[in-house]
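Chemist:
There are 2 protein chains.
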Amino acid sequence: MKLASSRDRAPGRPVSRQVLADHVYEELLAWLMDGRLEPGAAVSIDGTARELDVSPTPVREALARLEHTGMVRRVALKGYRVAPVFTREDFAELMEARLAIEPVNARLACSRITPEDLAALREAVKDLETAPRGPSFVEFRDYLEADERFHKLIAEQSGNQFMLAAYSALGGQVQRFRLFGGVGITDADQAIAEHQAVLDALASGDPEQAAAAMADHVHKVRARAIADAPAD
Amino acid sequence: MKLASSRDRAPGRPVSRQVLADHVYEELLAWLMDGRLEPGAAVSIDGTARELDVSPTPVREALARLEHTGMVRRVALKGYRVAPVFTREDFAELMEARLAIEPVNARLACSRITPEDLAALREAVKDLETAPRGPSFVEFRDYLEADERFHKLIAEQSGNQFMLAAYSALGGQVQRFRLFGGVGITDADQAIAEHQAVLDALASGDPEQAAAAMADHVHKVRARAIADAPAD
DNA sequence: AAGGGACCATTCCTATAGGATTTGTCTATG
DNA sequence: CATAGACAAATCCTATAGGAATGGTCCCTT
Chain W
1 MKLASSRDRA
11 PGRPVSRQVL
21 ADHVYEELLA
31 WLMDGRLEPG
41 AAVSIDGTAR
51 ELDVSPTPVR
61 EALARLEHTG
71 MVRRVALKGY
81 RVAPVFTRED
91 FAELMEARLA
101 IEPVNARLAC
111 SRITPEDLAA
121 LREAVKDLET
131 APRGPSFVEF
141 RDYLEADERF
151 HKLIAEQSGN
161 QFMLAAYSAL
171 GGQVQRFRLF
181 GGVGITDADQ
191 AIAEHQAVLD
201 ALASGDPEQA
211 AAAMADHVHK
221 VRARAIADAP
231 AD
Chain Y
1001 MKLASSRDRA
1011 PGRPVSRQVL
1021 ADHVYEELLA
1031 WLMDGRLEPG
1041 AAVSIDGTAR
1051 ELDVSPTPVR
1061 EALARLEHTG
1071 MVRRVALKGY
1081 RVAPVFTRED
1091 FAELMEARLA
1101 IEPVNARLAC
1111 SRITPEDLAA
1121 LREAVKDLET
1131 APRGPSFVEF
1141 RDYLEADERF
1151 HKLIAEQSGN
1161 QFMLAAYSAL
1171 GGQVQRFRLF
1181 GGVGITDADQ
1191 AIAEHQAVLD
1201 ALASGDPEQA
1211 AAAMADHVHK
1221 VRARAIADAP
1231 AD
């Protein structure tokens, strides 16, 4: 694979304003998000550099940023690895954290949400409905993307940069769990109904109702996952 | 300044297991925490490398990690800058986020806290009492360090890696605000009493009481800051 | 056959070099 | 005097080279 370098850019065009490390970061993030990089797999610096046809320097920078998201972990002198699979306890912790953060986001977003924001949320829910739910990940990739988009939009619309930062610290892990938590997409209809309920509460303008709807959604996600999860 | 390189290490001694980028990260973090780097100041990659007597490569890696904490911000092709000073709105947002996260940490920590943890918390409160509170930052630096230590200990003892991650996403900012929020250390006695109340609640073993004590503390910090803050 | 040590390939880590971009200054011109 | 353009210095960004550590393999010894 060949990434566009800042050198071989048409001279007249507006400057890209994005350096190679940014491209590498986004590329690696995509690999992590859509499951191309499985938990526990080694992410070689030199290897990734060869794969992306860049030097190791920007790869190091991208991985250093990714480490802080918890998606990859570094061991000094040994390199980076994709974070290991979720245990049942990890999942419980993640849901607890989501319960602490996401209802607050919904409550904050409720009082400052704009019609454009509501439209974007409606589109996310609609994408959830229309997305395929096949067994292989390429088939429900769009479903996961819409789910993540819905929750992230609410975090952004909280208007609180720190709540967004807190959610982002979880967001990647949430997405990773959706992929490898063993749940699959067996609960799409119920999940869509819950998303719709959150959306309706936000549209109604009642902050506490929005928070309650979000808390209810996370609670039910947890309950379904516990019911579905394979014994370990 | 000269950092110890992995090359000039005594051959017989146990391996350091820490690379230069880690040293640089910790050094820069210390500079940010104790105010040596003021908000808005440029953090030159090459300059920092010369200052620390290392090559720019590990400095780039350290700054890439720091960027994700919100302490520094990067503009492509222009470099890194220390995040700008807090506005009154930033402060309100930060307190809102702390209210969402820290009481939950206290509640979770309460039911799994060990005698050793309690001892460490008592020591932090004791350090708060004995630390000098002079006007210049070198004089109340230890006070701030003990404050941060207290809150971080509770986040760690929540036993929830994601709540800790969420707090850490805030932690640096909390520390930065303490330095540049204009509050100074005018409320040490009251703050110490509140910390003691949190500690007592944790020791009592009542989770809801611990959460309430922490929420009360954050509320009062906010109230005092708003009362003291200079008009902007 | 099992365990230990030497060797080699791979990978990480740091330094260095040079191209590309930005920024500050200085001069010339309207 | 203000403004535009050119030059120079500083800085960022990427690639490359080589030292250092790790992991695996092979061979030897017990």
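As you go down the protein sequences, you meet chains W and Y in turn. For the first sequence, the numbering used here gives the first residue as 1, with consecutive numbering after it. For the second sequence, the numbering used here gives the first residue as 1001, with consecutive numbering after it. Note that CB positions come from ideal geometry on N, CA and C, so glycine has one too.
Taking 7 Å as the limit between beta carbons, can you name the residues of its chain near Asp-187 of chain W, skipping five residues before and five after?
Modeler: For the purposes of this step, residue 187 of chain W is taken as the residue at position 187 of the first sequence. Taken in chain order, the residues that qualify are Arg-224.
Chemist: Rounded C-beta distance between Asn-160 of chain W and Ala-1097 of chain Y? I'm assuming under 8 Å.
Modeler: Residue mapping note: residue 160 of chain W aligns to position 160 of the first sequence, counting from 1. Residue mapping note: residue 1097 of chain Y aligns to position 97 of the second sequence, counting from 1. In this structure Asn-160 of chain W touches Ala-1097 of chain Y by the C-beta definition: roughly 6 Å separates them, less than 8 Å.
Chemist: To be precise: take each residue of the segment 91 to 114 of chain W, compare its Cβ to all Cβ atoms of chain Y, and keep it if any distance is under 7 Å. Which residues remain?
Modeler: Glu-93, Leu-94, Glu-96, Ala-97, Ala-100, Ile-101 and Val-104
Chemist: Can you give the Cα-Cα distance for Glu-208 of chain W and Leu-20 of chain W, rounded to whole angstroms?
Modeler: On the first sequence, residue 208 of chain W is found 208 positions in, with the first residue counted as 1. On the first sequence, residue 20 of chain W is found 20 positions in, with the first residue counted as 1. For Glu-208 of chain W and Leu-20 of chain W, the distance between alpha carbons rounds to 44 Å.
Chemist: Please identify the residue among Y:Glu-1027, Y:Gly-1070, Y:Ala-1210 and Y:Leu-1118 whose C-alpha is closest to the C-alpha of Leu-1170 of chain Y.
Modeler: On the second sequence, position 170 is the one that residue 1170 of chain Y refers to. Here the closest residue by C-alpha is Y:Gly-1070.
Chemist: Going by beta-carbon coordinates alone, are Phe-1150 of chain Y and Val-1174 of chain Y separated by less than 8 Å?
Modeler: Translated into positions along the second sequence, residue 1150 of chain Y becomes position 150. Translated into positions along the second sequence, residue 1174 of chain Y becomes position 174. No, Cβ-Cβ distance for Phe-1150 of chain Y and Val-1174 of chain Y is not below 8 Å.
Chemist: Please list the terminal residues of the continuous beta strand (DSSP E) segment that includes Arg-1081 of chain Y.
Modeler: Along the second sequence, read from residue 1 onward, the residue named residue 1081 of chain Y stands at position 81. Here the beta strand (DSSP E) through Arg-1081 of chain Y covers 1079 to 1082.
Chemist: Tell me, please, whether the segment 1040 to 1050 of chain Y touches the segment 1074 to 1084 of chain Y by the rule of three or more beta-carbon pairs shorter than 8 Å.
Modeler: yes
Chemist: Spell out whether any CB of chain W is found under 8 Å from the CB atom of Arg-1065 of chain Y.
Modeler: For the purposes of this step, residue 1065 of chain Y is taken as the residue at position 65 of the second sequence. Closer than 8 Å to some Cβ of chain W, the Cβ of Arg-1065 of chain Y qualifies, so yes.
Chemist: Just by C-beta distance, which residues in the segment 166 to 189 of chain W are closer than 9 Å to chain Y?
Modeler: Ala-166, Tyr-167, Ser-168, Ala-169, Leu-170 and Gln-173
Chemist: Which whole-angstrom value describes the C-beta separation of Asp-142 of chain W and Pro-132 of chain W, a residue pair presumed to lie in contact below a C-beta threshold of 8 Å?
Modeler: Indexing the first sequence from 1 puts residue 142 of chain W at position 142. Indexing the first sequence from 1 puts residue 132 of chain W at position 132. Yes, Asp-142 of chain W and Pro-132 of chain W are in contact; Cβ-Cβ is about 7 Å, under 8 Å.
Chemist: Taking 8 Å as the CB-CB cut-off, is Leu-1077 of chain Y touching chain W?
Modeler: Here residue 1077 of chain Y refers to the residue found at position 77 of the second sequence. Taking 8 Å as the CB threshold, Leu-1077 of chain Y lines the interface with chain W.
Chemist: Quick one: Cα of Cys-1110 of chain Y to Cα of Ser-1158 of chain Y, how far?
Modeler: Translated into the one-based positions of the second sequence, residue 1110 of chain Y becomes position 110. Translated into the one-based positions of the second sequence, residue 1158 of chain Y becomes position 158. Looking at the two C-alpha atoms, the distance is approximately 8 Å.
Chemist: Measure from the C-beta of Thr-57 of chain W to each C-beta in chain Y and report whether the shortest distance is under 8 Å.
Modeler: Taking the first sequence and counting its residues from 1, the one referred to as residue 57 of chain W is at position 57. Yes, Thr-57 of chain W lies at the interface with chain Y (some Cβ there is under 8 Å from its Cβ).
Chemist: Quick check on the burial criterion: 16 or more other C-beta atoms within 10 angstroms. Buried or exposed for Thr-1048 of chain Y?
Modeler: Counting from one through the second sequence, the residue named residue 1048 of chain Y turns up at place 48. Looking at its Cβ environment, which holds 16 or more other Cβ atoms inside 10 Å, Thr-1048 of chain Y is buried.
Chemist: According to DSSP, Val-1019 of chain Y sits in a beta bridge with which residue or residues?
Modeler: Residue 1019 of chain Y sits at position 19 when you count from the first residue of the second sequence. Looking at the DSSP assignment, Val-1019 of chain Y forms no beta bridge with any residue, so it has no partner.
Chemist: Taking only beta-carbon atoms, is Arg-60 of chain W less than 8 Å away from chain Y?
Modeler: Here residue 60 of chain W is taken as the residue at index 60 of the first sequence, counted from 1. Chain Y contact via Cβ: present.
Chemist: For Ala-131 of chain W, which three-state DSSP category applies?
Modeler: As a working mapping, residue 131 of chain W is identified with position 131 in the first sequence. It is coil, neither helix nor strand.
Chemist: DSSP state of Ala-76 of chain W, grouped into three classes?
Modeler: By one-based count along the first sequence, residue 76 of chain W stands at place 76. Ala-76 of chain W: coil per DSSP, three-state reduction.
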